[in-house]
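Trainee: Take the sequence shown: its letter number 276 is residue 276 in this note's numbering, and every next letter is one higher. Cβ coordinates follow ideal geometry from the N, Cα and C atoms, glycine included.
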Amino acid sequence: MASRKNCKKFTSRESARKINVEKKVMNETKFVQDPTLDIDGAMQRLKSVVTHTPLQFNANLSRKYQCKVYLKREDLQIVRSYKLRGAYNMMSQLSPEQLAKGVVCASAGNHAQGFAYSCKLLGVKGVVFMPISSPKLKVAQTKMFGENFVEVKLIGKSFDETAVVAKAYTTEHDLTFIPPFDHPAIISGQATVGVEILEDLPQFTKDALDYLFIPIGGGGLSAGVGTYFKSISPNTKIIGIEPAGAPSMHAAMQAGQTVELDKIDYFVDGASVKRVGEYTFAICKKVLDEVHLVPVGKICSTILEMYNEEAMIVEPAGAMSLAVLDAYADQIKGKQVLCIVSGGNNDIARIQEIQERSFIYEGLKN
1 MASRKNCKKF
11 TSRESARKIN
21 VEKKVMNETK
31 FVQDPTLDID
41 GAMQRLKSVV
51 THTPLQFNAN
61 LSRKYQCKVY
71 LKREDLQIVR
81 SYKLRGAYNM
91 MSQLSPEQLA
101 KGVVCASAGN
111 HAQGFAYSCK
121 LLGVKGVVFM
131 PISSPKLKVA
141 QTKMFGENFV
151 EVKLIGKSFD
161 ETAVVAKAYT
171 TEHDLTFIPP
181 FDHPAIISGQ
191 ATVGVEILED
201 LPQFTKDALD
211 YLFIPIGGGG
221 LSAGVGTYFK
231 SISPNTKIIG
241 IEPAGAPSMH
251 AAMQAGQTVE
261 LDKIDYFVDG
271 ASVKRVGEYT
281 FAICKKVLDE
291 VHLVPVGKIC
301 STILEMYNEE
311 AMIVEPAGAM
321 SLAVLDAYAD
331 QIKGKQVLCI
341 VSGGNNDIAR
351 IQEIQERSFI
361 YEGLKN
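1. Look at G102 and L175 and say whether their C-beta atoms are less than 8 Å apart.
2. My parser needs the alpha helix (DSSP H) runs of 4 or more residues fully inside the segment 47 to 132; what are they?
3. If you follow the alpha helix (DSSP H) that P316 is in, where does it begin and where does it stop?
4. Tell me the residue span of the beta strand (DSSP E) that contains I292.
5. Would you call the CB atoms of D265 and P243 closer than 8 Å?
6. Does DSSP put G343 in a helix, in a strand, or in coil?
7. Give every residue of the same chain whose Cβ lies closer than 6 Å to the Cβ of L61, excluding the five residues on either side of it in the sequence, and list them in chain order.
8. Beta carbon of G374, beta carbon of D182: below 8 Å?
9. Closest by CA to M320, which one among A116, V291, I241, A42?
10. Could you give the DSSP three-state label for I216: helix, strand or coil?
11. Where does Q44 fall in DSSP's three states?
12. Alpha carbon to alpha carbon, how far is S342 from A317? Give it in angstroms, no decimals.
13. Could you tell me whether the segment 99 to 117 touches the segment 126 to 138, where touching means 3 or more Cβ pairs closer than 8 Å?
14. Going by CA-CA distance only, name the one from D269, F267, R275, G245 that's closest to V259.
15. Beta strand (DSSP E) containing G240: first to last residue?
16. Which residues does DSSP list as the beta-bridge partners of P336?
17. Just tell me which of A251, D200, I303 has its CA closest to the CA of P54.
18. I need the DSSP call for L261, collapsed to helix, strand or coil.
19. When burial is assigned at 16 or more other CB atoms within 10 Å of the CB, is E74 buried or exposed?
20. Run through DSSP, which three-state label would Y361 get?
21. If you count every other CB in all the chains shown that lies within 10 Å of the CB of H250, and 16 or more means buried, which is it?
22. Quick check: the Cα distance between D326 and Y65, rounded to an integer number of angstroms?
23. Can you find the residues in the same chain that come closer than 7 Å, C-beta to C-beta, to K136, ignoring five residues on each side of it along the sequence?
24. Can you have a look at A59 and say buried or exposed, based on whether 16 or more other CB atoms are within 10 angstroms of its CB?
25. Please work out which residues of its chain come closer than 6 Å, Cβ to Cβ, to P202, disregarding the five sequence neighbours upstream and downstream, and give them in chain order.
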């Protein structure tokens, strides 16, 4: 088991928080070159804004898999997901002129809430575009967090359709678009989850983590946390998790560049995009050891298990890092394992569908 004190790629955590990441041509139309992740700056900007969420040892999962399992509880963040980190980090760096004109975002829900809360904190007018299919809870929470600073527009059948409309609106009205994942400032904000993990881990163990499981949507969280971990704890195996119905990062890894999927299942709304980001893919291809696909039925079973056994309310995207553990049961035995629970914005109105998908997956219903 690798000890953190033996990780000598950087001399200190402070020097590791500002990291240049090499970029390559991702497709015929876009070239991404040498962005800098300012993780230390993000920590400073966010320290009085976000909750330093708990790192918890989970006895039940540890017993089940015969290892040490820790959970990073971003479902307990102010907006019940990590998305506040990236949104505020980017918005707080905009010029006074940009802030005065206003900001726009497109989101299936979690980024929208982080964006809305940031608008309120900064006193900025924002427009939120959300798919018509967005869970009612996430729409209501977005309005609540943003109060009179945000306007919510429900347009498009999917995030990808909504994003096209939002970007056109941004251009038409000369506003600033705050992307959900594909921007260095967004990625740097999400990376602070990794900083907190490595700050808190010594409370539980002197050993380095052997496995880190991170959910993937557009790739902002995995790119940010993965970058920080590989600089501080390079022997930790980082596994990215996608829903089997929306394997956009998996497809990009196989193709060697980002690709747009023709059709995806949007049930895991917080992690379902047809195409991952250019920045995020360029980073993830370097820092992720594997990308694993989890069936939606398994994700649904995990949601129910965590509620019944742990009294935890996790959304589908937030459950993915837990749902994958069965597939790695042999590899993680006797190891130090951490799962990022990325969000807890689960609409109770979806429970019947979650149960039905779980029952079908478990063979309890045809």
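Mentor: According to the structure data:
1. Counting from one through the sequence shown, the residue named residue 102 turns up at place 102. Counting from one through the sequence shown, the residue named residue 175 turns up at place 175. The answer is yes: Cβ separation under 8 Å.
2. Here the runs fully enclosed are 59 to 65, 83 to 91, 96 to 101, 110 to 122.
3. The residue labelled residue 316 in the question sits at position 316 within the sequence shown. That run of the alpha helix (DSSP H) goes 316 to 323.
4. Along the sequence shown, one-based indexing puts residue 292 at 292. Sequence inspection shows His at residue 292; the Ile mentioned does not correspond to that position. 290 to 294 is the extent of the beta strand (DSSP E) around H292.
5. Walking along the sequence shown from the start, residue 265 turns up at place 265. Walking along the sequence shown from the start, residue 243 turns up at place 243. Cβ distance < 8 Å, so D265 and P243 count as in contact.
6. Against the sequence shown, residue 343 aligns to sequence position 343. For G343, the secondary structure class from DSSP, reduced to helix, strand or coil, is strand.
7. What you label residue 61 is simply residue 61 of the sequence shown in a count that begins at 1. Apart from sequence neighbours up to five positions away, the residues of its chain that approach L61 with a beta-carbon distance below 6 Å are V69, ordered along the chain.
8. Any question about residue 374 goes unanswered here, given that the chain covers just 1 to 366.
9. Residue 320 sits at position 320 when you count from the first residue of the sequence shown. Looking only at A116, V291, I241, A42, the smallest Cα-Cα distance to M320 is reached by I241.
10. By one-based count along the sequence shown, residue 216 stands at place 216. Secondary structure of I216 (DSSP, three-state): coil.
11. The count along the sequence shown starts at 1 and reaches residue 44 at position 44. Three-state DSSP puts Q44 in a helix.
12. Here residue 317 is taken as the residue at index 317 of the sequence shown, counted from 1. Here residue 342 is taken as the residue at index 342 of the sequence shown, counted from 1. One C-alpha to the other measures close to 7 Å.
13. The segment 99 to 117 and the segment 126 to 138 touch, with no fewer than 3 CB-CB distances between them shorter than 8 Å.
14. Indexing the sequence shown from 1 puts residue 259 at position 259. Nearest C-alpha to V259 among D269, F267, R275, G245: R275.
15. By 1-based counting over the sequence shown, the position of residue 240 is 240. For G240, the uninterrupted beta strand (DSSP E) segment begins and ends at 237 to 243.
16. On the sequence shown, residue 336 is found 336 positions in, with the first residue counted as 1. Reading off the sequence, residue 336 comes out as Gln, not Pro. Q336 pairs with K68.
17. Reading the sequence shown from its first residue, position 54 is the one you call residue 54. Ranking A251, D200, I303 by Cα distance to P54 puts D200 first.
18. To locate residue 261, count along the sequence shown from 1; it is residue 261. Three-state DSSP puts L261 in coil, outside helix and strand.
19. For the purposes of this step, residue 74 is identified with residue 74 of the sequence shown, where counting begins at 1. Buried, because 16 or more other Cβ atoms sit within 10 Å of the Cβ of E74.
20. Reading the sequence shown from its first residue, position 361 is the one you call residue 361. Look at Y361 here: in three-state DSSP terms it is helix.
21. Stepping through the sequence shown from its first residue, residue 250 is reached at position 250. Buried, by the Cβ-count rule.
22. For this step, residue 326 is matched to residue 326 along the sequence shown. For this step, residue 65 is matched to residue 65 along the sequence shown. One C-alpha to the other measures close to 8 Å.
23. Locating residue 136 in the sequence shown gives position 136, counting from the first residue. Result list for K136: D347, A349, in chain order.
24. Here residue 59 refers to the residue found at position 59 of the sequence shown. The residue is exposed, with fewer than 16 neighbouring Cβ atoms inside 10 Å.
25. The sequence position of residue 202 within the sequence shown is 202, counting from 1. Counting only Cβ-Cβ distances below 6 Å, and skipping sequence neighbours, we find nothing.
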